[in-house]
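This report concerns only the one structure given below.
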Amino acid sequence: MYAKSKLRRSKSESMVSDTAIRILNINNHRFVVGLEWETIKAHRKVMQEVRKIGKTRNLDVVAIRKAEAIQAGFAPKSRQKLRGAYSLIVSLASLLEGSCIAVIPVGTNESDENEYTIVGRTEKGAIHPISDAIYPESEIKQVVLDLKQDLRGNQQNTEIPVYGDLDKFTWVTESLDLEIILKPGNIRKDFRLKPLRWGMTKNQLFGFTAALLMSGVAVLFILNHVDEQERIKRATVQAMMKQQEDINKKARYQAALDKLKHPWITTSSIPVFLQGCNEGLKKLNLSIKGWQLATIKCSQEGMT
265 MYAKSKLRRS KSESMVSDTA IRILNINNHR FVVGLEWETI KAHRKVMQEV
315 RKIGKTRNLD VVAIRKAEAI QAGFAPKSRQ KLRGAYSLIV SLASLLEGSC
365 IAVIPVGTNE SDENEYTIVG RTEKGAIHPI SDAIYPESEI KQVVLDLKQD
415 LRGNQQNTEI PVYGDLDKFT WVTESLDLEI ILKPGNIRKD FRLKPLRWGM
465 TKNQLFGFTA ALLMSGVAVL FILNHVDEQE RIKRATVQAM MKQQEDINKK
515 ARYQAALDKL KHPWITTSSI PVFLQGCNEG LKKLNLSIKG WQLATIKCSQ
565 EGMT
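265 is the number of the first residue of the sequence shown in our numbering; add one for each residue after it.
Shown next as structure tokens:
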């Protein structure tokens with residue numbers, strides 16, 4: 265993919281450490297610099313192959329770039345918060361066009377010397393292997409010159425634009441405003457770093473634990489509410505059953521009382537009955553307008 269040249273990271277450079285990782289905050293997004301890039305040979309099950317590499321080397325996150333080849337930029341487990349951040353190199357390689365170079369300041373080193381990272385983009389959009397490394401200002405010009413030659417390959421007359429700070433370097437040909445090119449509308453999901461492990465960070469674990477605890481409290485509340493509703497329902501049914509039982513008990517008691525009643529308790533004695541009938545006969549008219557009574561019935565209820 266690339267012409268043979270001295271532009272290859274040394275072994276010490278290829279082993280990315282936590283100190284080599286930088287995070288730039290641009291438009292409220294975090295962009296990571298300092299990933300170790302390599303080409304992935306597998307064309308199917310790419311993430312499976314990438315995770316295999318990450319497990320072997322004890323790496324934590326990865327950025328994926330798909331152009332003329334599939335490339336992966338790895339980072340080790342870091343004290344810095346890398347998960348959820350974006351790869352600066354993938355973002356710029358995706359948003360810039362054609363074969364080009366971008367020079368981005370990333371701060372200063374222990375000697376208070378300005379440091380930069382490089383984006384080398386091929387004509388077909390691939391990331392040059394020396395991209396994403398950190399270079400001091402004293403070396404950056406030579407790195408750019410060598411990278412230009414490497415990107416030209418057999419076409420050495422090809423112009424390779426260099427994006428950066430026009431006021432800082434005379435060899436920069438195009439202005440690069442990161443806040444404009446990395447505006448929120450340009451940021452895509454595939455620029456984001458992907459975790460190589462299924463584990464969670466402390467903050468994620470804390471959030472998960474808090475969510476689990478809240479879910480447990482909610483479930484307990486619901487179960488208690490359901491139990492309370494069931495208890496009320498059972499109490500209501502039991503009260504209705506007791507009420508019905510009391511009604512039935514009173515009905516049975518009244519029926520038993522009715523059976524205990526004797527005729528001589530509620531009816532007159534024979535002498536009194538006969539006397540009452542005689543008194544009633546005396547009050548009756550034996551003839552009404554010429555009609556005479558043929559039959560008179562005397563009972564406990566009266567005379568008919």
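C-beta: ideal position from N, C-alpha, C; glycine also.
- For residue 401, the CB contacts under 8 Å within the same chain, skipping 5 residues up- and downstream, are 377, 378, 379 and 380 in chain order.
- In the structure shown, residue 397 falls within a coil segment according to DSSP collapsed to helix, strand and coil.
- Rounded to whole angstroms, the gap between the alpha carbons of residue 302 and residue 453 is 21 Å.
- By the CB criterion at 8 Å, residue 408 and residue 352 fall outside the cutoff.
- In this structure, residue 390 keeps its C-beta atom at 8 Å or more from the C-beta atom of residue 427.
- The region 270-348 is shown to contain whole beta strand (DSSP E) runs of 3 or more residues at 286-290, 293-297, 300-304, 323-330 and 334-340, in chain order.
- With contacts defined by Cβ atoms closer than 8 Å, residue 346 and residue 457 form a contacting pair.
- Residue 339 is a Cβ neighbour of residue 323, given a cutoff of 8 Å.
- Taking a cut-off of 8 Å on C-beta distances, the region 286-296 touches the region 439-446, as three or more cross pairs fall below it.
- The continuous stretches of alpha helix (DSSP H) do not include residue 558, and DSSP gives it neither H nor E.
- At a Cβ-Cβ threshold of 8 Å, residue 387 and residue 363 count as neighbours.
- Under the three-state reduction of DSSP output, residue 448 falls in the helix class.
- Here residue 378 is bridged, per DSSP, to 372.
- Taking the C-beta atoms as reference points, residue 394 is found nearer than 8 Å to residue 384.
- Residue nearest to residue 300 within the set 327, 337, 292 and 329 is 337 (criterion: CA-CA distance).
- In the DSSP assignment, residue 417 falls outside any beta strand (DSSP E), carrying neither H nor E.
- In this structure, the straight-line span from the alpha carbon of residue 314 to that of residue 307 is close to 11 Å.
- Counting every other CB atom within 10 Å of its CB across the protein chains shown gives residue 470 a total below 16, marking it as exposed.
- Taken through DSSP and simplified to helix, strand or coil, residue 363 comes out as coil.
- DSSP lists no beta-bridge partner residue for residue 471.
- For residue 536, the enclosing alpha helix (DSSP H) covers residues 534-547.
- As a beta-bridge residue in DSSP terms, residue 456 pairs with 350.
- Residue environment for residue 475: exposed (fewer than 16 other C-beta atoms within 10 angstroms of its C-beta).
- Non-local beta-carbon contacts of residue 372 in its own chain, meaning distances under 8 Å to residues more than five positions away in sequence, involve 378 and 379 in chain order.
- By the neighbour-count definition (other C-beta atoms within 10 Å, threshold 16), residue 536 is an exposed residue.
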